[in-house]
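Residue numbers (the working numbering): -11 to 150.
We put the CB at the ideal spot given by N, CA and C, even for glycine.
Note that the structure is predicted; figures quoted are calculated from it, not measured.
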């Protein structure tokens, strides 16, 4: 069974891992991919052997470097809707997962409200590197890989999906 973790947005990616072994199989960086690349990448996965976890994120009305403008939120919404539609069209079953849920599974909840986005991304990258020491982890890969690993644990019942 393939588990696909999807971190939508320009700096996100799609990662595929094997559910039984946890081995990382493939990666697609959305910033460098066309819509056709994403469709083709997902079509390479047998729907009967694949399950995706798509990060469900709402608008960020935070403050400082975490605040999104209307244009940015619109672009993100387009990307999210596109990915959701492609999953439906390809027949790949999926579950939407909030950042709070998958981050809690790895003890990655933000405790310092003033923590910068870069510091948060570095924590995520460090956790992904710890879990996948043989992989070269980048900021683009980290969240999608952690989402896929969360999904693998849910599908193999190693973590509660609530």
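Query raised in the report: In three-state terms, what does DSSP make of residue 74?
Result: In the chain shown, counting from the first residue as 1, residue 74 sits at position 86. Residue 74 falls in the helix class under three-state DSSP.
Query raised in the report: What residues in its chain sit with their C-beta under 8 Å from that of residue -11, if we drop five residues either side in the sequence?
Result: In the chain shown, the residue the question calls residue -11 occupies position 1. Taken in chain order, the residues that qualify are 6, 7, 8, 37, 38, 39, 143.
Query - Three-state secondary structure (DSSP) of residue 96 - result: Locating residue 96 in the chain shown gives position 108, where the first residue counts as 1. Coil.
**Report entry** residue 136 vs residue 41 beta-carbon contact at 8 Å
**Finding:** Translated into positions along the chain shown, residue 136 becomes position 148. Translated into positions along the chain shown, residue 41 becomes position 53. Taking 8 Å as the Cβ cut-off, residue 136 and residue 41 qualify as a contacting pair.
Query raised in the report: Between the C-alpha atoms of residue 114 and residue 127, what's the straight-line distance to the nearest angstrom?
Result: Taking the first residue of the chain shown as position 1, residue 114 is located at position 126. Taking the first residue of the chain shown as position 1, residue 127 is located at position 139. Distance between the alpha carbons of residue 114 and residue 127: 10 Å.
**Report entry** Assigned exposure category for residue 24 - 16 Cβ within 10 Å defines buried
**Finding:** Against the chain shown, residue 24 aligns to sequence position 36. Label assigned to residue 24: exposed.
Query raised in the report: I think residue 30 touches residue 85, with their Cβ atoms under 8 Å apart; what is that distance to the nearest whole Å?
Result: By 1-based counting over the chain shown, the position of residue 30 is 42. By 1-based counting over the chain shown, the position of residue 85 is 97. No, residue 30 and residue 85 are not in contact; Cβ-Cβ is about 18 Å, not under 8 Å.
Query - Among 94, 109, 145, 1, nearest to residue 17 - alpha-carbon criterion - result: Here the question's residue 17 lines up with position 29 in the chain shown. Residue 1 is the option with its Cα nearest to residue 17.
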